[in-house]
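The structure appears below as structure tokens.
Protein chains in written order, with this note's numbering: chain A, 1 to 68; chain B, 69 to 323.
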């Protein structure tokens with residue numbers, strides 16, 4: 001096993017196939033990161049909503065209690 | 069026979085708690101495997117005698133295609149379990165598998181296109197393998213769309229599951245398309261029954277990438293399923309407790 005490329009330019013060029021290889025890498029990484037980040041953000045959103053609902057419920061109970 | 073494990077598996081709470089514990093480790097493993105495989109495949113594997121460096125796209129193309137197919141199989145199985153046993157969690161897994169599968173199928177098609185250009189001289193050809201993969205993408209879209217087609221959740225789950233099951237007809241067609249029809253697409257280099265027709269120096273990083281993609285898939289599937297669980301169980305006590313705990317811990321930090 002040995003390194004196939006010596007310089008940065010060689011890595012980017014990939015013997016003339018650089019555009020194809022690197023666009024594949026870029027799109028792959030973007031999709032994979034997206035598949036992790038999206039559910040994490042949604043998870044956070046749902047928890048925040050539940051948190052707000054609970055706070056509202058608490059407030060409602062409190063004001064209802066004061067009314068009596 | 070002892071069915072306790074089956075009912076346990078059916079419990080969204082149990083699933084949520086277990087994945088909370090395991091996901092960080094599995095995520096770390098997936099990251100290490102993918103990073104290793106990618107650097108190995110892009111920088112250290114020898115270049116292909118005929119295709120030159122464009123062959124390196126295999127390290128993304130093959131694992132993405134594998135998981136696009138395996139993911140469909142998983143989605144259809146989850147749908148079947150949901151239909152037969154009315155298992156809530158199973159439908160949630162089916163729902164979670166649809167966007168991931170669609171993304172991976174898109175990835176397989178995209179990496180195939182940029183590999184096809186330098187190798188065949190064209191980004192796209194209407195050959196059997198590529199066309200059947202495009203149908204797979206539309207099946208994933210169909211399952212996704214059906215989830216929003218009905219007001220009744222039960223009805224949309226059932227419709228999605230039935231479409232997913234019918235679509236499994238496409239899976240053996242994709243597998244066999246390179247053998248059944250004359251095609252530009254090369255036949256599979258990896259077979260379970262015989263040694264790979266690839267040099268070990270090229271094959272080993274591919275194996276690492278495939279393992280990495282499998283781990284990644286499990287992580288993504290769990291993350292999407294957890295969101296489904298929270299959405300559907302938001303009115304239950306345990307989600308409230310969870311939120312209370314989280315708020316409590318951040319308040320604790322502020323003090």
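Note that CB positions come from ideal geometry on N, CA and C, so glycine has one too.
Note that the structure is a prediction, hence the values are computed from the model and not measured.
Asked                                                                                                                                     : Found
Contacting positions in the region 115-134 of chain B - beta carbon closer than 8 Å to chain A                                            : 115, 120, 121, 122, 124, 125, 128, 129, 132
C-beta contact flag for residue 17 (chain A) and residue 294 (chain B) at 8 Å                                                             : no
Same chain only: Cβ atoms within 6 Å of residue 205 (chain B), ignoring 5 sequence neighbours per side                                    : 173
Sequence ranges, alpha helix (DSSP H) only - wholly within the region 209-289 of chain B, length at least 4                               : 221-235, 238-248
Below-8 Å beta-carbon distance, residue 28 (chain A) vs any chain B residue                                                               : yes
Residues of its chain near residue 78 (chain B), where Cβ-Cβ distance is below 6 Å and the 5 sequence neighbours each way are ignored     : 155, 157
Neighbour flag for residue 64 (chain A) against chain B, beta carbons, 8 Å                                                                : no
Members of the region 173-196 of chain B near chain E, C-beta cut-off 8 Å                                                                 : No chain E appears in this structure, whose protein chains are A and B.
DSSP state of residue 195 (chain B) mapped onto helix, strand, coil                                                                       : coil
Local conformation of residue 189 (chain B) per DSSP, three classes                                                                       : coil
Buried versus exposed, by CB contacts within 10 Å (16 or more), residue 127 (chain B)                                                     : buried
Residue range of the alpha helix (DSSP H) that includes residue 13 (chain A)                                                              : 8-13
Cβ neighbour criterion (16 or more within 10 Å) applied to residue 61 (chain A)                                                           : exposed
Cβ neighbour criterion (16 or more within 10 Å) applied to residue 189 (chain B)                                                          : exposed
N-terminal and C-terminal residue of the alpha helix (DSSP H) that residue 123 (chain B) is part of                                       : First-last for residue 123 (chain B): undefined, no H or E at that position.
Three CB pairs or more closer than 8 Å across the region 21-40 of chain A and the region 134-154 of chain B                               : no
Contact the region 83-97 of chain B vs the region 286-305 of chain B: 3+ CB pairs below 8 Å                                               : yes
Residue burial classification, residue 160 (chain B) (beta-carbon count within 10 angstroms, cutoff 16)                                   : buried
Distance, residue 228 (chain B) Cα to residue 244 (chain B) Cα                                                                            : 26 Å
Cut-off 7 Å between Cβ atoms - residues of its own chain near residue 297 (chain B), not counting five sequence neighbours on either side : 80, 83, 84, 160
C-beta atoms of residue 142 (chain B) and residue 165 (chain B) nearer than 8 Å                                                           : yes
Within chain A, the residues that residue 294 (chain B) reaches when beta carbons sit closer than 8 Å                                     : 39, 43
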